[in-house]
Each structure stands twice: as C-alpha cells, then as structure tokens.
Amino acid sequence: MNPFDAWEKQQRKKADLKYGSKNKKQQSDDYQYVFEIEDKIVDFFRESVFDGDNFDEFDSELPDKSAELLQAVSEYPVLGTVGETGSGKTIQIPQYLYEAGYTKQGKTGCTQPRRVAAMSVAARVSQEMGVKLGHEVGYSFRFEDCTSDKTVLKYMTDGMLLREIVIEPSLESYSVLIVDEAHERTLSTDILFGLLKDLINYRSYLKLLISSATLDAEKFSDYFGSAPIFKIPGRRYPVELFYAKAPEADYIEAAIVTVLKIHVNEPIGDILVFLTGQDEIETAKEILKQRTRGLGTKIAELIICPIYGNLPTELQAKIFEPTPEGARKVVLVTNIAETSLTIDGIKYVIDPGFAKVKSYNPKTGIESLLVNPISKASANQRTARSGRTGPGKCFRLYTLHNYHKGMDDNTVPEIQRTNLANIVLILKCLGIDDLVNFGLIDLPPEEALLKALELLYALGALNKAVGRQMAEFPIDPMLSKTIVASDKYKCSYEIITIASVGNSILYRPKDKQIHADNARLNFHLGDVKDHIALLRWCRENYIQIRSMKRARDIRDQLEGLLARVEIEITSNLNDLDAIKKAIASGFFPHSAKLQKNGSYWTVKHPQRAHIHPSSGLGQVLPRWVIYHELVLTTKEYMRQVTDLKPKWLVEIAPHYYQLKDVEEPASKKMPRAAGRAKE
DNA sequence: CTCTCCCTT
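Residues in the first sequence are numbered from 567 upward in steps of one, following my numbering.
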C-alpha cells in the first residue's frame, strides 16, 4: 500500500469514527465558539482560478459553428462533439440537423442518461421550433411515450434506445443517432457504444454523434476509429478554487464550519454543500440550526435546504424558491446536484470530496454501498456548479496534494461495478455470445462475466426459448425467471404483483398480511373515499405515493408482457407454497441455512449472512431461506427474505442442488453441524 | 437490532 492510500484509509477511518459521536458533543450555540473552531480547523489557501480561459470572452457573441458542424457530419459517419455544459449542444445540434434536412431520411434520436433531461430538453426544443411537443419533437422513456408518426426529433433515455435495439436491431427508422452525456458512462451507454459501432458498418447512411462534456472525448474518438472531434464553444464564469491546507478528518464538521465562515465573511450568494447521503444531510442540518440559533441580528438569516433523492417532491421544491433579500440559502445535497439537478444562484460550493458508490463483488455476489473519495472529474463537475450564473468560489475540504495523488481521474464506469446478468442475457438474445471480444470501450471484470453466465446457465436462460421469454421483461433475470416459472405454479397474478413492488416487498410478513390485504381492497374499490383511505394508509405506513404509482405502472407493464410471452394470468392466493415455489424457481441460487448463533451461511458460495432487522423474519429465523440480494453495510445483510422447504431446492433445481446439500440433521433441534457448514 | 448515492429497461 502506498503512503497516499494509507493516508486516505486512515483519514476515512477517522472520519467514520468521529462522525456521529463528535457531532453530538459539540452543541454550542456560542458565537465566539464558532469562530474559535473556524480558526482551528479549516484553513484554506487559494490555489487557482478554475477554468478561466473563457474569461475575456464573456460579453462577446459566441461564434456560429453550425455550418462547420454540418460539414463535418456529412463527411464522417461518426463524430465526437465536446462542449461545456451550457453550450446548448443538446438543444441546438438536432435543430441544425433538422434544418439541413437529415430528418427527411429518418428520425434523429438523442439519448440522455436521465428521464427528466429527455423530457425537459424536448420541451425546450419544441418551444424553440414553435411546434407542439409530441408532434415533430417528442420524447420517450419507460411508461411515457410522447411521440407520434410526425416525430422526427426524438429525445429518449439511453436504456430506452437499448430496448428498441432488442426489438429492432437495425434501427431502420433512424438516420442520425446522438449519444449525449457519453462521459457519464452509464451501463446502457457503454452497451449502446458496442452495438452502434457494429451497426454503422452495415448501415452506411447512418450518422452517429457522440457528445460529451469532458476532455476524455479522445477516448471515445479512438474507440470509433479516430473519429474527428468537434469542439462547441461555450462560456462559463471563473471560479476561485481553494484547498484545505491540512487534511480534515471530520468532513461534516469542516463543512459546517466553512458554511458559517462564508456566511459571516463573504458577500451575499447561496452555498451548495455536497454530502454523501440522507443521514449526513439531516445531521448537518440539525447542527447548522443549533449553531445559528440565538445569533439573532448579529448575522444574516441562513435558510437551510436539504435535498436528496428520497425527499418528497414538495419538499424538494423549496430550493427553487428565490432567497429573500438579505438572507442566504445553504443547500445540502447528495450527488443528485452533480448532474441531475441545477440550482440557480449558487455562488459558493463546499466539496468534502466523498460520495456513496455502489459496487458489486462478483466473487461473493455481495453488493455494497460505501463512502468513497470522488474522482477528479467529479470534483471539477462540483466546482463548476458555482460558476453558472456568475463568478464563484469553491472550497475543497481536502488538500491539493490529495487531489493529485489520492483521487482517480475518472469515476469507474458502471459496467465495471455492477451485476451483469441482465445485460449478458440481452446481448445473448441479440446473438452476441462473446462479450470479451464484443468490443466494449472498457471491459468488465472477467469474474463478473463468468458469474453472470453461470447464473444464466443455472436459470436455464441459455436455452434460446426460455432466454427470449425472460429477456422480454425489463427486470433482473432471477425475477424474470420467477415470472416465467409462475406459469407452472398457477400464480402469475401474485408473482407480477410481488415483482412490481420489487425492492420494497418480496415477502409479505405474516403479521402484516391482514393490513396488506385490506390495503389492496381499498385500492381496488375505486371510490373517492377509498382513495383517501389508501393515501392515509400510505402515510401511516411511511409509503411514498411515488413508489406506489411506480409499482402500479410496472405491474401494468408486466401484465402486458405476460400476454406477449403467452403466459396466462392465474391466481392462487390461498396456496402460499405455490407462490414460494415460484419465487424459489428464480432465486434458488440465493439460498441460505441457519447456524447455531442465529446467523446464516449461504449454501452455494459459502458466505456469512444475516437477515436484515427490518425483515418480518428477523425474529422468526427460519431454518432455510432464500433472499433477493446480499448487501454489505455494517454487516452482510440479506434483504427480502422468504422461508422455504429445503427439499424444494432439489425438486426445482436438481442440476444445482443435490440431496446432500440440503440434508437435515437427525436431531429436530438446531443443526449439529453449525460450525461445519462451510464444507 | 437497522438499508437505500444517483440512475434506468
């Protein structure tokens, strides 16, 4: 381990230890005290003016590059485009193509990583062109298709285009495809790259534009056989960049102190603070409230706005209210504000340099969601958030040295940190068996590919007919196998309900079944009063209306797909065993057996696991369970757990389990072999 | 005896 890694590790350990305990001790409202810590803890130095190269061109008109762009498009099959955020490339390029007549030969499709972006950009373009949204200009993503026969400029999510390729691999109806925000490297974008690169070889009149915001456009250019890169001029205000002089162990405390320091010393303007999650944001909010309370008229009012993905929409709206005269707003955000959400009027950014990152360990099948240092690209993205409407300042709570030596250049692409079973299945259905030589821009870990293939084999998905059926469903293979298997157990109605609620419920805890059933009755009666009852039920049970709606949409879609793959809708509500067997048909690779000490060992790739305390089975501890997923947080937790009879495993998956795997010990009590289970 | 950064089909 090099010294920087060691340093990083130590800092993170310290941060973890102090966070929580330390915050609770320091609850002084004292004005003096604030400044005492300020001087003690956070000391910055001004490093540079970030991205100041456009500084002199602010008031000048940006040059019109449309003619040159169109020339380049006509000359080359693939073109990379690079532009600062705010250069308007997403909005303008498709309009240039439209005016130049490209849309007469076919549609122009433009992919976005996010739904909101697809929708809002389409709305803006239709407005600029003076046409009705959904006519010439439209958008499309799952559950919402705002296009018509007239549509020639189509904005869509990258995942949507991927689905379209599965249905029609040659994409005949398109003449131009633009992959926008390519630098974000979503799984869908990476897979699209591979498919489109192949497609342009036999669809010579297809034009491909790869659009990205950062300078790694050269990587994309190389990937597409040295495609030329077209730079689109943009403008951005300069941002003064500050680094901590010394490492800060407790970044929440440091962030809070910096907020107060800015609030007292700097001219008016709103502050954006990047934290890692809901928990930290709520903690920081409370501390800030305490420290500013009682200061009265000594300082200006500080309005605290928390924003994270889980926050109900009506509370999120608060950040868009303009800051009152004389006051200052501090917005505490997760990564949601790095790309998805733009907040106007931000003048100061505070960046502790951390984010929660989901990753997947193919060896153990464990997913984890842990706090990690961000990449340089990500740090620069955060910094730029302060220079959108005027010159800004960015305070990095880490040292310049750590920026250079302790942070990766780019965030690890999603394809390298995710479970690949779903995408491997889709590619198999497109006739792509060899992913290593498929020509991806970055290869996933070999183990992840093997693990995916092994799973698909176990599920029988490598059989063409079964695989096709499963691939129709836009869900994980284990879950789609459950749906396919529900035909046999005559309970497809119940299974698609379970599948659509997805991550929130896979098992209905016994003690809550009456509640769940009552709620469903309320849901189906369709009377206004009952809807109110349902709303109340949602509130009482802390269920977001948003997730309920989503579950209903997914259920409708799954029901439609059942017909497509010719599975009849059958209901078998009284036979819980049939439902459990259907679930086991998809999730049998995720079985685990109870140990003496109340923990579990997974059966196939032996691994310790615990039932998550929020599960209805946390107290019951069934001898055998199957689980939906294994997540590492404070411990290895199984989420969404169902009990089962071990003999079902052999019955359902004889190719995967043998009798000796599931043998019960002679004793009726706890298994004698508790400590031996690893064998 | 405690999970949910952000997305998406």
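Even glycine gets a Cβ: it sits at the ideal position worked out from N, Cα and C.
Problem - Span of the beta strand (DSSP E) around residue 920 - result: Residues 920 to 927.
Problem - N-terminal and C-terminal residue of the beta strand (DSSP E) that residue 1017 is part of - result: Per DSSP, residue 1017 is not a residue of any beta strand (DSSP E); the alpha helix (DSSP H) it occupies stretches across 1012 to 1024.
Exercise for the section: Go ahead and pull the three-state DSSP assignment for residue 1262. Expected result: This structure cannot settle anything about residue 1262, because the visible part of the chain is limited to 567 through 1245.
Problem - With 16 other Cβ atoms within 10 Å as the buried cut-off, status of residue 1086 - result: Any reading at residue 1086 must be qualified, since the residue scores a pLDDT of 44, below 50, and its modelled position is unreliable; no value is offered.
Handout entry: DSSP three-state assignment for residue 1147, whether helix, strand or coil
Key = helix
Exercise for the section: Identify, in the order they occur along the chain, each residue of the same chain with its Cβ nearer than 7 angstroms to the Cβ of residue 698, setting aside the five sequence neighbours on each side. Expected result: 692
Problem - Residue span of the alpha helix (DSSP H) that contains residue 1050, given as start and end - result: 1043 to 1052
Practice task
Would you mind working out which of 1154, 1056 and 1049 sits nearest residue 1066, comparing C-alpha positions?
Solution key: For the residues 1154, 1056 and 1049, the minimum Cα distance to residue 1066 belongs to 1049.
Problem - Through-space distance from residue 1192 to residue 1174, alpha-carbon basis - result: So the two alpha carbons sit approximately 14 angstroms from each other.
Handout entry: Helix, strand or coil at residue 939 [DSSP, three-state]
Key = Residue 939: strand per DSSP, three-state reduction.
Practice task
Look up residue 1190 in the DSSP assignment and give the residues it is bridged to.
Solution key: DSSP output for residue 1190 lists 1159 as bridge partner(s).
Practice task
Determine, using beta carbons only, whether residue 1147 and residue 1051 come nearer to each other than 9 angstroms.
Solution key: yes
Handout entry: Per-residue burial, residue 1229 [other beta carbons within 10 Å of its own, 16 or more giving buried]
Key = exposed
Exercise for the section: Find out if the Cβ-Cβ distance for the pair residue 647, residue 676 is shorter than 9 angstroms. Expected result: no
Handout entry: Terminal residues of the alpha helix (DSSP H) in which residue 690 lies
Key = Segment 681 to 695, the alpha helix (DSSP H) holding residue 690.
Problem - Cα-Cα separation, residue 672 to residue 1053 - result: 41 angstroms
Problem - CB-CB length for residue 746 against residue 777, believed under 8 angstroms - result: Indeed they touch by this definition, with Cβ atoms about 5 angstroms apart.
Practice task
Can you grab the Cα-Cα spacing for the pair residue 1176 / residue 1183, in whole Å?
Solution key: Taking the straight line joining both Cα atoms gives about 11 angstroms.
Problem - Neighbourhood of residue 1213 by C-beta, 8 angstroms cutoff - its chain only, sequence neighbours within 5 removed - result: 1228
Problem - residue 942 vs residue 806 beta-carbon contact at 9 angstroms - result: The answer is no: Cβ separation not under 9 angstroms.
Problem - Buried versus exposed call for residue 835 [16 or more other C-beta atoms within 10 Å across all chains shown] - result: buried
Practice task
Specify the secondary structure class of residue 763 as computed by DSSP and reduced to three states.
Solution key: In the displayed model, residue 763 falls within a helix according to three-state DSSP.
Practice task
Below 7 angstroms CB to CB, which residues in the same chain sit around residue 1009 once its five sequence neighbours on both sides are set aside?
Solution key: Answer for residue 1009: 1002, listed in chain order.
Exercise for the section: Assign residue 917 to one of two classes, buried (16 or more other C-beta atoms within 10 Å of its C-beta) or exposed (fewer than that). Expected result: buried
Problem - Cα-Cα separation between residue 706 and residue 674, rounded to whole angstroms - result: Approximately 13 angstroms, taken between the alpha carbons.
Practice task
Could you tell me the boundaries of the beta strand (DSSP E) in which residue 1204 lies?
Solution key: 1202 to 1209
Practice task
Using three-state DSSP, classify residue 1060 as helix, strand or coil.
Solution key: helix
Problem - Status (buried if at least 16 other CB within 10 Å, exposed otherwise) for residue 771 - result: exposed
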